[in-house]
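Reading through the C-alpha cells given below for one structure.
Protein chains in written order, with the working numbering: chain V, 10 to 263; chain E, 13 to 30.
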C-alpha cells in the first residue's frame, strides 16, 4: 500500500524504521564485489580452483549479509543507546533469525516457488539444490517455503518487514542484559507501532497484527534449525572460512 | 570465549559507536 486511508497517518516510528533500511542495491553490489574478489583470489592461488559450490556460495552470502545486518543495527537509534555488551548479546541471540528473515522476505517478493533468489541477484534452482541435499536441508527448505507462502498470503509489506527486524533484534527474552528494561520498552513500542500500522493501513483485516506475530515463532524455529544445520556442516569442515558467520556460531554454542 | 567475539566487538566498537 502506498498510503493509508485519509486521516490515519502511518506511525512515525514505522516511517523511521523504513528510513533506516539499507539500500538493497548498495548491499547487493558490495556483496557481489566481495564474492568476485574472493573467486579471483581463489583462482589465482590455484590453477585448478574448483568453482564455489551452491552451499559454499550461500555461506559466503550469509557471512556478508551478517556484516550488513551489524551495520544496519548500528545505524538504529534504539540500538545506539545500548552498551556494546548488550548489543552483542542481542545480536548473538538473533543473527540467524535476521538472516532467515532476509532470505524469507526476498522470497516473498521473488514469488517463484522453484528457485531461491540471493541478495546478489543470483537464482539458485531448488531442484538442483535438493537433489544434493540430505533430509535436514530438505526439511529446512520446505519449512522456509511454507513460511514464505503464509507471508505471501498475508501480502506482508516492507514496512511490516522493517518492524519485524526490530521485534527480532529487541527480543525481551534475552537474559542478563545490563539494560533489560530498555530492551523490553523498545519491544513494546515497536509492537505498538506495528499494531497501529496494521489497523490504519489494513482496517478491514483486524486479525492481521496477531497473524503477523504468529509468524515470528515459526521464523525462530526455522532459524534454530538452520543454525543446527550450519553447526553440523561446520563441524564436518564443510563451511568455508567465513569470519563473522563462524564467530556467531561459536558464540551461541559456547 | 572472548576471542570468539572479537570481530563482532570490533564491528560494534569502531568509529563513533561508543
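Ideal Cβ placement from N, Cα and C applies to all residues, glycine included. As the structure is a prediction and not an experimental result, all values here were calculated from the model.
| Query | Result |
| --- | --- |
| Could you say which of V/114, V/183, V/123 lies nearest to residue 98 of chain V if we only look at CA atoms? | V/183 |
| Is it right to say residue 153 of chain V is buried, meaning 16 or more other beta carbons lie within 10 angstroms of its own, or is it exposed? | buried |
| Using a Cβ-Cβ distance under 8 Å, would residue 252 of chain V count as near chain E? | yes |
| Which residues mark the beginning and the end of the alpha helix (DSSP H) in which residue 233 of chain V is found? | 217-244 |
| Please report the residue range of the alpha helix (DSSP H) in which residue 77 of chain V lies. | 63-84 |
| Measure how close the beta-carbons of residue 100 of chain V and residue 20 of chain E come, nearest whole angstrom, since I'm counting them as under 8 Å. | 7 Å |
| For residue 108 of chain V and chain E, any beta-carbon pair shorter than 8 Å? | no |
| What residue range is occupied by the uninterrupted beta strand (DSSP E) comprising residue 30 of chain V? | From DSSP, residue 30 of chain V is part of no beta strand (DSSP E); its letter is neither H nor E. |
| Would residue 236 of chain V pass as an interface residue toward chain E - the criterion being a Cβ-Cβ separation below 8 Å? | no |
| Got a sec? Which residues, its chain only, sit under 7 Å from residue 76 of chain V by beta carbon, not counting five neighbours each side? | 253 |
| Comparing C-alpha positions only, which one of V/147, V/111, V/165, V/143 sits nearest to residue 74 of chain V? | V/111 |
| Using 8 Å as the limit for Cβ to Cβ distance, is residue 183 of chain V near chain E? | no |
| With a 10 Å radius around its C-beta and 16 neighbouring C-beta atoms as the bar for buried, classify residue 31 of chain V as buried or exposed. | exposed |
| For residue 127 of chain V, would you say it is in contact with chain E, using Cβ-to-Cβ distances shorter than 8 Å as the test? | no |
| Please list the terminal residues of the continuous alpha helix (DSSP H) segment that includes residue 133 of chain V. | No alpha helix (DSSP H) contains residue 133 of chain V, which is instead part of the beta strand (DSSP E) from 132-134. |
| When the Cα of residue 22 of chain E is compared with those of V/178, V/79, V/129, which residue comes out closest? | V/79 |
| Between which two residues does the beta strand (DSSP E) carrying residue 279 of chain V extend? | Lying outside 10 to 263, the shown extent of chain V, residue 279 of chain V is not represented and no answer is given. |
| Using a 10 Å radius around the Cβ and a threshold of 16 neighbouring Cβ atoms, would you call residue 140 of chain V buried or exposed? | exposed |
| Closest to residue 225 of chain V by CA distance: which of V/159, V/53, V/68, V/81 is it? | V/159 |
| How about residue 71 of chain V: is its C-beta nearer than 8 Å to some C-beta of chain E? | no |
| Along the chain, where does the alpha helix (DSSP H) containing residue 183 of chain V start, and where does it finish? | Careful: residue 183 of chain V lies outside any alpha helix (DSSP H) and carries neither H nor E. |
| Could you give the DSSP three-state label for residue 214 of chain V: helix, strand or coil? | coil |
| Below 7 Å CB to CB, which residues in the same chain sit around residue 29 of chain E once its five sequence neighbours on both sides are set aside? | Interpretation of residue 29 of chain E is limited by its pLDDT of 45, a score under 50 that renders its predicted location unreliable; the figure taken from the coordinates is listed afterwards. The answer is none, since no qualifying residue turns up. |
| Quick check on residue 14 of chain E: does DSSP put it in helix, strand or coil? | Residue confidence for residue 14 of chain E is low, a pLDDT of 48 falling below 50, so the modelled location carries little weight; the figure read from the coordinates is stated next. DSSP places residue 14 of chain E in coil when its eight states are reduced to three. |
| Please name the residue, chosen from V/206, V/146, V/172, that lies closest to residue 238 of chain V on a Cα-to-Cα basis. | V/146 |
| Might you give, ordered along the chain, the residues of its own chain that have their beta carbon closer than 6 Å to the beta carbon of residue 81 of chain V, omitting 5 neighbours on each side? | 31 |
| Are any of the Cβ atoms in chain E nearer than 8 Å to that of residue 97 of chain V? | yes |
| What number of angstroms, rounded off, separates the C-alpha of residue 172 of chain V from the C-alpha of residue 125 of chain V? | 24 Å |
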